[in-house]
Amino acid sequence: MPSVVGSDRRSTATVPSLVRKILLMLRLVSVSLALAFMLGACGPTIQRGTDDPSIDEAAMSTRLDRVDLEKALGDWYTEFSGSKFLARQDGGQSTIAVLRIDNDTSEHIGSSLRNLIDSVETRLVNDGDFSVVSNDAIAKEAVAAEFMRGDAVDASTMAELGKQLGVHYFVSGRVGESAEKTSDARRVQYFLFLRVVEVETVRNVFQAQIDITKQISG
Amino acid sequence: MESLKMVSARSLVCVLVLVAVGCETTKDPFRPYYSGQLAQSETILRDQVAKAEVENRTLLRLELASVLQAQGHYSEAAQLLMSADNRMEVLDYTSAPVDDVVAFAFAAESAWRPSPPERTMVNVQNMINFLGAGDLDGAAVEARRLGLLLNQPDVDEDDIYMNDFGWGLAGVILAANGDQAEAEDAFAAISAGGMAEVEGASAEVSDFSELRPPADLAGKGTILVVAQLGQAPVRREATYVLAGHDGQPHPLNLPAMQARPAGAKAATLTLDGSPLGDIPIQLNLEEQLMRRFDDELALLVTAGALQAGIRSELIEEGVGDHDGKWGKASQAVGEFFLAHVQEADVRCWSLLAGRYGAMRLDVEPGTHALSVALAGSAAPLEFTVNVTAGELALVNVVSGPSDGYRVYPKPQGGNYSGERADDVLRFMENASLVPSPRP
């Protein structure tokens with residue numbers, strides 16, 4: 001009958017050699033723990049981004065961070081500023097409102113998307129190509145809810161809402177993903193779509209796609 | 219060898235110190251929880267989280283989230299589970315056979331790892347939390363995270379613990395969020411790999427057709443009634459015996475599953491005075507946790523054997539001449555103390571329920587009265603829900619706080635010197651811990 005426990009040094013050669021391996025492993029573990037303790041004893045380090053700009057660069061998770069949002073905003077703005085749609089505008093006469101970006105991913109990125117929306121609004125305000133309408137949240141939600149109906153959006157309802165809010169165009173978006181997880185990695189490929197919709201016709205007059213990939217692995 | 223003697227002497231001193239420290243009583247958050255004193259349970263857990271070693275903090279956060287959810291503090295519970303989910307995800311990435319044995323053997327020093335059924339419940343519980351907080355977007359994110367977890371391609375078939383309750387919740391949430399295609403995927407996953415395929419699954423587990431949204435929901439609102447009934451089994455320390463080559467029994471302290479039969483097994487629902495029958499049970503977590511324990515027992519025994527080997531070596535090297543009178547006495551004292559200081563890793567998510575069920579009610583907008591009668595409980599739980607058209611409202615019934623606290627006798631271990639020992643040795647060979655072929 002095979003035995004399991006290496007508790008008797010007078011037994012076959014298998015068990016003592018196992019025990020020696022274990023003891024060696026224990027020593028290594030002890031040394032590692034001691035080193036970890038010594039390093040840990042130094043306490044946390046707090047840094048300021050203005051002192052060390054590199055701390056903004058490191059990816060900490062598969063969520064969207066500032067680098068990702070700046071890339072998204074930059075890519076969108078490059079396409080938007082070169083678009084035929086913008087070229088047709090007549091210098092601040094048209095009104096535009098920024099709604100929201102729907103999160104269809106497996107990451108809790110709602111606050112990042114709200115930051116992106118605010119950044120888009122900031123660019124539009126500062127460029128002066130549109131008169132940006134900053135409506136109250138309730139009115140925006142009403143429009144956003146109508147947008148949520150997708151193909152079932154009623155053009156006359158949208159036109160009426162636009163008239164009430166005094167808006168010619170809405171900016172909205174959606175971020176989807178292709179996410180995969182294994183025991184040693186998780187990868188999220190984000191697909192961010194930002195579009196401008198003409199309220200009166202419910203027609204997409206501009207749309208941009210931004211791709212971002214994040215991965216965490218062991 | 220001198221160094222080993224010193225290690226042994228130091229170990230004995232440590233044993234005495236640990237035994238003395240062990241006499242200090244700690245406050246138990248579970249007794250007040252099951253006695254309905256949730257605020258007291260919360261206070262104790264908050265204190266424990268603040269003082270906990272980092273490797274135990276995640277588990278304590280899960281327990282605290284359960285207490286907060288039972289009190290209706292959904293937003294904070296959701297944040298706690300999000301944080302725990304992130305930490306556990308990183309733990310997945312260090313998994314390997316040898317790592318697993320070492321982690322089991324030296325569990326006190328390693329971060330707590332949830333069993334697969336417990337891991338799955340993090341996202342399931344957080345769907346409930348986000349729904350309770352009125353954050354449908356957040357609930358949808360958790361639904362997708364659950365999907366990713368259950369569809370992980372590199373997980374061994376034995377390690378997949380289907381959670382049809384979770385899939386059902388995910389389907390309801392995603393459909394309410396307007397993600398119809400994803401909702402259909404979730405409902406399809408139920409029929410593709412449901413509880414019926416799980417060995418030992420309960421025959422009472424129902425189908426899920428009633429969770430699908432009806433074809434015409436126009437003008438109606440939806441109430442999702444979730445029932446978390448009874449208490450999941452927990453791990454408690456038991457003494458197992460392994461025989462060495464010398465035929466001598468070696469006691470090992472390992473975890474054993476402690477069933478907790480207290481608490482409601484079923485719940486009956488009444489809506490606006492009309493009886494609707496039992497809330498169907500869609501997940502028997504109790505059975506899943508028991509099955510998981512059986513699956514990992516070989517690993518636990520391996521880890522215990524490893525510890526026994528180290529213990530024996532330390533004593534022999536420390537005592538030296540164990541044939542003499544004093545040597546034998548020292549050896550006996552050493553074995554006694556080291557056997558007692560070797561603790562089983564009994565960490566587990568204790569505040570999970572044993573059974574989970576959900577019922578979908580599509581109702582006219584307005585105020586509705588719900589009454590939930592827990593089996594074995596005299597007074598029904600009453601809820602008043604105000605629903606608007608197109609809204610998904612949650613009624614979360616947690617039986618735990620009204621289950622009552624019970625003390626169970628210490629579970630029995632067992633003798634694993636026979637066939638189980640053979641399995642263990644084979645496992646150790648595969649993990650390159652023992653030279654192969656063995657004699």
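Same order as they appear, the protein sequences are chains A and B.
No gaps in the numbering here: position 26 of the first sequence is 26 in this note's numbering, and each next residue is one more.
Counting the second sequence from 1 gives a position; this note's numbering is that position plus 218.
For each residue, glycine too, the CB sits at the ideal point set by N, CA and C.
Taking just the CA atoms, how far does residue j sit from residue i?
i	j	result
residue 54/A	residue 111/A	23 Å
residue 368/B	residue 214/A	21 Å
residue 108/A	residue 355/B	9 Å
residue 393/B	residue 481/B	33 Å
residue 262/B	residue 247/B	6 Å
residue 351/B	residue 606/B	16 Å
residue 91/A	residue 131/A	9 Å
residue 349/B	residue 45/A	37 Å
residue 508/B	residue 452/B	9 Å
residue 362/B	residue 127/A	38 Å
residue 205/A	residue 85/A	7 Å
residue 165/A	residue 122/A	19 Å
residue 307/B	residue 564/B	21 Å
residue 428/B	residue 191/A	34 Å
residue 621/B	residue 511/B	24 Å
residue 373/B	residue 366/B	12 Å
residue 280/B	residue 344/B	10 Å
residue 604/B	residue 255/B	28 Å
residue 623/B	residue 569/B	12 Å
residue 293/B	residue 282/B	13 Å
residue 289/B	residue 486/B	21 Å
Quick one: is residue i buried, meaning 16 or more other Cβ sit within 10 Å of its Cβ, or exposed?
i	result
residue 625/B	exposed
residue 272/B	exposed
residue 97/A	buried
residue 423/B	Residue confidence is low: residue 423/B scores 46 on pLDDT, short of 50, so the model does not pin down where it sits. Its coordinate-derived value is still stated next. Buried, by the Cβ-count rule.
residue 582/B	exposed
residue 415/B	Legend: pLDDT at residue 415/B = 44, less than 50; position of this residue unreliable, no value from coordinates given.
residue 500/B	buried
residue 523/B	buried
residue 490/B	exposed
residue 376/B	exposed
residue 303/B	buried
residue 239/B	For residue 239/B, the predicted model reports a pLDDT of 43, less than 50, meaning its position is unreliable; a value from the coordinates is still stated below. So residue 239/B counts as exposed.
residue 602/B	exposed
residue 70/A	exposed
residue 201/A	exposed
residue 381/B	buried
residue 436/B	exposed
residue 597/B	exposed
residue 245/B	exposed
residue 335/B	buried
residue 660/B	Look at the range of chain B in this structure, 219 to 657, and you will see that residue 660/B is not part of it.
residue 631/B	buried
Reducing DSSP to helix, strand and coil, say where residue i ends up.
i	result
residue 245/B	coil
residue 130/A	coil
residue 53/A	helix
residue 181/A	strand
residue 328/B	coil
residue 621/B	helix
residue 289/B	coil
residue 71/A	helix
residue 565/B	coil
residue 608/B	coil
residue 294/B	helix
residue 60/A	coil
residue 591/B	strand
residue 174/A	strand
residue 214/A	strand
residue 107/A	coil
residue 489/B	strand
residue 201/A	coil
List, from N- to C-terminal side, the beta strand (DSSP E) runs of 3 residues or more that fit wholly inside the region 425 to 484 of chain B.
439 to 447, 452 to 461 and 467 to 476
Counting beta carbon pairs with one atom in the region 98 to 107 of chain A and one in the region 175 to 183 of chain A, are three or more of them shorter than 8 Å?
yes
I'd like to know if the region 292 to 301 of chain B and the region 585 to 605 of chain B are in contact, where contact means that at least 3 CB-CB pairs between them fall below 8 Å.
Flag = no, the region 292 to 301 of chain B and the region 585 to 605 of chain B do not touch.
Are the region 336 to 346 of chain B and the region 75 to 83 of chain A touching by the rule of at least three beta carbon pairs closer than 8 Å?
Too few Cβ pairs lie closer than 8 Å, so no.
Please determine if the region 608 to 627 of chain B and the region 441 to 448 of chain B are in contact, where contact requires at least 3 C-beta pairs separated by less than 8 Å.
yes
Three or more C-beta pairs closer than 8 Å, one from the region 468 to 486 of chain B and one from the region 504 to 513 of chain B: is that the case here?
yes
Runs of alpha helix (DSSP H) lying entirely within the region 341 to 390 of chain B, each at least 4 residues, in chain order:
354 to 368
Taking a cut of 9 Å between CB atoms, which residues from the region 97 to 114 of chain A lie near chain E?
No chain E appears in this structure, whose protein chains are A and B.
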